[in-house]
Each structure stands twice: as C-alpha cells, then as structure tokens.
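Student: Before we start, here is the structure in question, set down as structure tokens.
Numbering (the numbering used here), first residue to last: 5 to 381.
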C-alpha cells in the first residue's frame with residue numbers, strides 16, 4: 005500500500021479512508037507493507053499503532069521540484085519522485101496506489117497487479133481550489149496542476165488493473181469511458197458501521213460544521229455561509245448558534261472566523277469530536293466547490309445528525325434530497341432548510357434515520373476483499 009501521507013492519526017478525510025481500509029485488509033488476513041511519502045522523525049510516535057497492522061513501513065521524503073510543469077508532471081507527483089528509487093526485497097501480488105500522486109513507485113516495485121484508489125477527480129479538485137483561492141500565486145499553481153493532472157490521471161488509470169473509485173459519480177464516468185479498458189468499481193470509504201450512532205430527535209437551534217480549517221474549498225464554503233446565511237438565522241431563529249470545529253494545522257485562522265461574535269462558537273483543532281457532535285441540532289456542509297466524496301458528510305450521518313448540504317457537499321454517495329439529506333444550493337434555500345429542521349424535528353429525525361440506514365448498506369470492505377481475491381483481473 006503506497007500512501008501520499010502517513011495515515012495515522014486519522015484526523016482528516018483522506019487519512020481516515022486509508023487508515024480504515026488498511027486496518028480492514030490487515031484484519032482480513034492480508035500481508036501489507038506500507039510505503040509513505042513522509043518524514044520518519046515526524047511520525048515515530050505513531051509507528052507502534054500502525055505496525056499492529058503492517059509488516060514494514062518504508063519512509064520516502066518528498067522533494068521540491070520547481071520544473072514539474074515543464075516535465076508535464078503534476079507537482080504532487082513530481083515531489084514524490086524518490087518513490088522510484090526504493091529497493092524492495094520481495095515482490096507483491098498487488099500494489100495499491102492511494103492516489104495518482106504516488107505513481108512513481110511503479111518504477112521500483114515488483115507487483116503482479118496494480119490497484120488505483122481514486123479519492124478525488126484531481127483535475128476537478130485543483131480547478132475548484134483555483135476558483136476558491138484568493139492568493140494570486142496559489143491560483144496560478146492550482147490552475148497548472150489542474151491542467152497537468154487531467155493527462156496524468158488518464159495515463160495511470162490505463163496501466164492499472166483495477167480502479168477503486170470513492171465516488172459513485174466518478175465510477176459511472178469511468179465505466180462509460182470507451183477509451184478506458186481498465187475495470188472500475190465503486191468502493192466507498194470503509195467505515196465501521198457498528199460505531200454509527202442511532203439518530204435522536206433533537207431540539208434546539210445549534211448548527212454544526214466540522215471540517216478542516218485550512219483548505220480553500222472548506223474556508224470558501226464556510227465564509228459564504230457566515231456571510232450569506234448566518235445573519236438570516238441570527239435574526240429569525242431564537243437561540244440559534246453556529247458551532248465550528250476543525251483542524252487548522254497550526255495555521256492562523258482567517259479574519260471571518262477570528263472576529264466572530266457570541267453567535268459563533270469555535271473549537272480550534274479539538275482532540276475529541278464526540279462531545280461536539282452531541283451539541284448539534286443539524287450539520288451543515290456548505291461547500292461550493294470540490295471533488296469526490298466529502299467524509300465530513302458521512303461522519304455527520306454516522307453521528308446521528310440530519311444534514312443540510314449543497315449538492316457538492318453530498319456528491320458521490322448517491323444520497324437523495326429530502327430522503328437522506330436536505331439539499332440547499334443558495335442562501336435562501338439553506339436558510340429555509342435549517343429553519344425547517346429546527347421547527348420540524350420529527351421530519352429531520354426521519355431523514356437522519358433513512359440516511360443512516362442507507363450508509364450502513366453501502367459502506368464496508370467486503371467488495372474490496374472480493375476484488376483482491378479475483379484471479380481474472
């Protein structure tokens with residue numbers, strides 16, 4: 005398993021998906037070596053936990069490559085080019101690429117088959133970052149990365165034996181792509197559904213957002229909500245509060261969060277989220293742009309909360325408006341949906357129950373294990 009980041013602690017969506025799958029495959033009896041593009045010294049304190057599930061850990065440091073664009077290689081890939089220099093003492097049945105960013109490892113590893121995990125449509129993801137970002141230099145980088153990734157992704161998909169899409173939408177796209185001969189599967193995030201909380205009828209007016217507070221897409225959506233929706237709720241719903249919690253990676257908070265009033269409660273980089281989820285009446289995902297499955301939406305449903313989200317925030321899982329969540333793509337619809345949840349907790353409870361039942365049915369790793377056991381791929 006080749007990961008672009010050390011998967012533990014699983015404190016954001018990408019890490020969580022890798023970590024949960026790694027544990028599941030290990031506990032299912034598979035022998036796993038883990039290759040990570042990360043510094044060993046930064047992760048020594050977490051090694052013992054990871055070594056419960058893998059035989060060996062290989063650390064490959066990232067490098068700076070200022071000429072990536074001239075080579076036609078995305079920076080996320082070029083900065084991991086030392087993957088091509090690893091020496092392995094054995095060959096493998098499968099090599100699992102946890103995104104196209106780690107594809108350089110294919111020059112050094114000996115494996116019978118290649119599985120590509122697609123966490124995002126990277127080209128679309130960087131295009132969305134370009135749209136959300138305000139810094140000019142970052143916008144240029146995101147624009148270039150988006151363009152180059154489109155070609156690189158197609159190349160890696162074509163040389164893989166299987167494509168494991170986290171998103172149902174992306175999987176349909178791959179299946180319908182006549183130029184792509186690789187077999188693709190919809191493999192949603194592996195989640196231990198036994199930990200899902202049963203929804204409760206919730207009173208009050210506490211609106212909850214939990215997500216990282218360092219990526220442009222999250223911050224752009226949250227800024228939009230605070231500027232466009234939040235004032236409507238403050239004026240019209242008694243006792244309304246917005247609760248925001250998320251990892252900042254040590255970065256300074258933007259002004260729209262630093263200068264909040266008493267109607268916003270902020271938890272910066274909390275260690276435990278269970279008590280924070282318990283405070284919520286409804287969870288929001290106001291993302292206006294992005295790509296792939298948003299694990300924050302899954303986590304909210306797993307915590308028993310009804311969800312109000314943009315279509316972007318709920319994409320990739322097959323969630324249905326009014327059955328599994330409340331879709332709202334502009335400020336008036338967002339305000340109306342939250343007001344409806346607060347004023348009609350019975351209906352919100354029914355939707356939360358339906359969403360939980362749906363995710364319990366589709367989330368898990370059995371299909372992934374069957375793929376790795378197939379001999380015809």
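Note that the Cβ used here is the ideal one computed from N, Cα and C, for glycine as well. As the structure is a computational prediction, the values presented were derived from the model and not from experiment.
Mapping DSSP to helix, strand and coil, what is residue 232?
Tutor: Looking at residue 232 - three-state DSSP - the assignment turns out to be helix.
Student: Starting from the Cα of residue 131, find the closest Cα among 141, 146, 124 and 120 and give me that residue.
Tutor: Measuring from the Cα of residue 131, the nearest candidate turns out to be 146.
Student: Could you give the C-beta distance for residue 18 and residue 9, rounded to a whole number, given that I count them as a contact under 8 Å?
Tutor: Between residue 9 and residue 18 the Cβ distance is about 7 Å, and since that is below 8 Å, they are a contact.
Student: Counting pairs of Cβ atoms below 8 Å between the stretch 211-227 and the stretch 257-270, do you hit three or more?
Tutor: Flag = yes, the stretch 211-227 and the stretch 257-270 touch.
Student: Can you tell me whether residue 79 is buried or exposed, with buried defined as 16 or more other CB within 10 angstroms of its CB?
Tutor: So residue 79 ends up on the buried side.
Student: What runs of the alpha helix (DSSP H), each 4 residues or longer, lie entirely inside the stretch 273-333?
Tutor: Counting only runs of 4 or more, we get 278-283, 299-306 and 315-318.
Student: Using the three-state DSSP reduction, which class does residue 361 fall into: helix, strand or coil?
Tutor: Residue 361: helix per DSSP, three-state reduction.
Student: For residue 380, which of helix, strand or coil comes out of DSSP?
Tutor: In the structure shown, residue 380 sits in coil (DSSP, three-state: anything other than H, G, I, E or B).
Student: Taking C-beta to C-beta, are residue 171 and residue 320 nearer than 8 Å?
Tutor: Against a cut-off of 8 Å, the Cβ pair of residue 320 and residue 171 comes out as a contact.
Student: With a threshold of 7 Å on Cβ separation, who are the neighbours of residue 328 within its own chain once the five nearest residues in sequence on each side are excluded?
Tutor: Excluding positions up to five away in sequence, the list reads 355, 358, 359 and 362.
Student: Could you tell me whether the stretch 308-316 touches the stretch 329-338, using the rule of 3 or more Cβ pairs below 8 Å?
Tutor: These segments touch.
Student: Starting from residue 119 and walking both ways along the beta strand (DSSP E), at which residues does that stretch end?
Tutor: Taken as a continuous stretch (DSSP letters only), the beta strand (DSSP E) holding residue 119 covers 115-122.
Student: What first and last residue would you give for the beta strand (DSSP E) that runs through residue 63?
Tutor: It spans 60-63 - the beta strand (DSSP E) in which residue 63 sits, taken as one unbroken run.
Student: Considering residue 89, what are the terminal residues of the alpha helix (DSSP H) in which it resides?
Tutor: Looking at the DSSP string, residue 89 is not in any alpha helix (DSSP H), and its letter there is neither H nor E.
Student: Hey, is the stretch 110-124 in contact with the stretch 199-214, meaning 3+ C-beta pairs nearer than 8 Å?
Tutor: Touching, no.
Student: Report buried or exposed for residue 27, applying the criterion of at least 16 other Cβ atoms within 10 angstroms of its Cβ.
Tutor: Under this definition residue 27 is a buried residue.
Student: With a Cβ-Cβ cutoff of 8 Å, do residue 165 and residue 186 count as a contact?
Tutor: Cβ distance < 8 Å, so residue 165 and residue 186 count as in contact.
Student: By a C-beta neighbour count over all protein chains shown, 10 Å radius and 16 as the cutoff for buried, is residue 22 buried or exposed?
Tutor: The residue is buried, with at least 16 neighbouring Cβ atoms inside 10 Å.
Student: Per DSSP, residue 388 forms a beta bridge with which residues?
Tutor: Here the chain covers residues 5 to 381 and nothing more, so residue 388 does not appear.
Student: On the three-state DSSP scale, how would you describe residue 210?
Tutor: Three-state result, residue 210: strand.
Student: In this structure, how does DSSP classify residue 412 when only helix, strand and coil are distinguished?
Tutor: With the chain represented from 5 up to 381, any question about residue 412 goes unanswered, as that position is not in the structure.
Student: Can you have a look at residue 163 and say buried or exposed, based on whether 16 or more other CB atoms are within 10 angstroms of its CB?
Tutor: Exposed.
Student: Quick check: what's the CA-CA separation for residue 292 versus residue 276?
Tutor: C-alpha separation (whole angstroms): 27 Å.
Student: Given this structure, state the Cα-to-Cα distance separating residue 138 from residue 221, to the nearest angstrom.
Tutor: Roughly 11 Å between the two C-alpha positions.
Student: Give the secondary structure of residue 167 by DSSP, where H, G and I count as helix, E and B as strand, and everything else as coil.
Tutor: Three-state DSSP puts residue 167 in a strand.
Student: Can you give the beta carbon distance from residue 107 to residue 81, rounded, assuming they're within the 8 Å contact cut?
Tutor: So it is a contact: roughly 6 Å between Cβ atoms.
Student: From residue 250 to residue 343, what does the alpha carbon distance come to, in whole angstroms?
Tutor: Whole-angstrom Cα-Cα distance: 24 Å.
Student: Any idea if residue 304 is buried or exposed, counting beta-carbon neighbours within 10 angstroms, 16 or more meaning buried?
Tutor: Buried is the call here.
Student: CB of residue 26 to nearest heavy atom of the ligand FMN: below 7 Å?
Tutor: By its list of ligands, the structure shown contains no ligand whatsoever, and the ligand FMN lies outside what it can speak to.
Student: Give the C-beta separation of residue 270 and residue 286 to the nearest angstrom, bearing in mind that I take them to be a contact with Cβ-Cβ under 8 Å.
Tutor: In fact, because the Cβ distance is near 18 Å, the residues do not count as touching under 8 Å.
Student: Between residue 47 and residue 295, is the Cβ-Cβ spacing less than 8 Å?
Tutor: For residue 47 and residue 295, no; Cβs fall outside 8 Å.
Student: Check each candidate in 14, 43, 64 and 306 and name the one with the smallest Cα separation from residue 53.
Tutor: It is 14.
Student: Going by DSSP in three states, residue 190 sits in which element: helix, strand or coil?
Tutor: Strand, per DSSP.
Student: Quick check on DSSP: helix, strand or coil for residue 5?
Tutor: Three-state result, residue 5: coil.
Student: How many Å lie between residue 273 and residue 279 at the Cα?
Tutor: Those two C-alpha atoms are separated by around 14 Å.
Student: Restricting to Cα atoms, I'd like to know which of 341, 192 and 111 is closest to residue 326.
Tutor: Per the Cα distances, 341.
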